[in-house]
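Participant:
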């Protein structure tokens, strides 16, 4: 493995794109912490896993929207238009999250908490792509 060559291929951390992605990761980390705490707490007190998952994501989607609009993507776009697109894109990401969770937890019998972590990664990657390319797209 040639580390020097690998490092040269990596974009610089000072790039606008990487700063934006870093902000997305920070906002996502904050939202994930809140969402995962809600979801795990609901699991713990006996809520059905899929309902816990839904409630957690429903709550953090609004926090995520405002933080991503103002902080991550610094969008000047219409709140109504952006919010509608954001909810649709997060719904798409959520459906992939749920599919991932079902595969790991229900089919592969992976630990419920670990299954949720895998599902969160899928949700985050799809959410970023849709947010950048469609919801908060710069004109």
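Numbering (the numbering used here), first residue to last: 54 to 192. Glycine included, every Cβ here is placed at the ideal spot set by N, Cα and C. Since this is a predicted model, take the numbers as computed values, not measurements.
#1: So what does DSSP say about residue 161, is it helix, strand or coil?
#2: With a 10 Å radius around its C-beta and 16 neighbouring C-beta atoms as the bar for buried, classify residue 160 as buried or exposed.
#3: Tell me whether residue 115 is buried or exposed, calling it buried when 16 or more other Cβ atoms sit within 10 Å of its Cβ.
#4: Under the three-state reduction of DSSP, which class applies to residue 109: helix, strand or coil?
#5: Would residue 139 and residue 118 be called neighbours here (beta carbons separated by less than 8 Å)?
#6: Where are the alpha helix (DSSP H) runs, 4 residues long or more, that stay fully inside the region 84-142, in chain order?
#7: Would you kindly work out how many angstroms separate the C-alpha atoms of residue 99 and residue 107, rounded to a whole number?
#8: To the nearest angstrom, how far is it from the Cα of residue 132 to the Cα of residue 124?
#9: Excluding the five sequence neighbours on either side, which residues of its own chain have a C-beta within less than 8 Å of the C-beta of residue 112, listed in chain order?
#10: Return helix, strand or coil for residue 182, following the three-state DSSP convention.
#11: CB residue 135 to CB residue 128, shorter than 8 Å?
#12: Taking DSSP as the reference, what is the three-state secondary structure of residue 191?
#13: Would you kindly work out how many angstroms separate the C-alpha atoms of residue 168 and residue 84, rounded to a whole number?
#14: Answer yes or no: do residue 81 and residue 177 have a C-beta to C-beta separation smaller than 8 Å?
Facilitator: In short, the structure shows the following:
#1: coil
#2: exposed
#3: exposed
#4: helix
#5: yes
#6: 102-120
#7: 14 Å
#8: 14 Å
#9: 87, 88 and 91
#10: helix
#11: yes
#12: coil
#13: 18 Å
#14: yes
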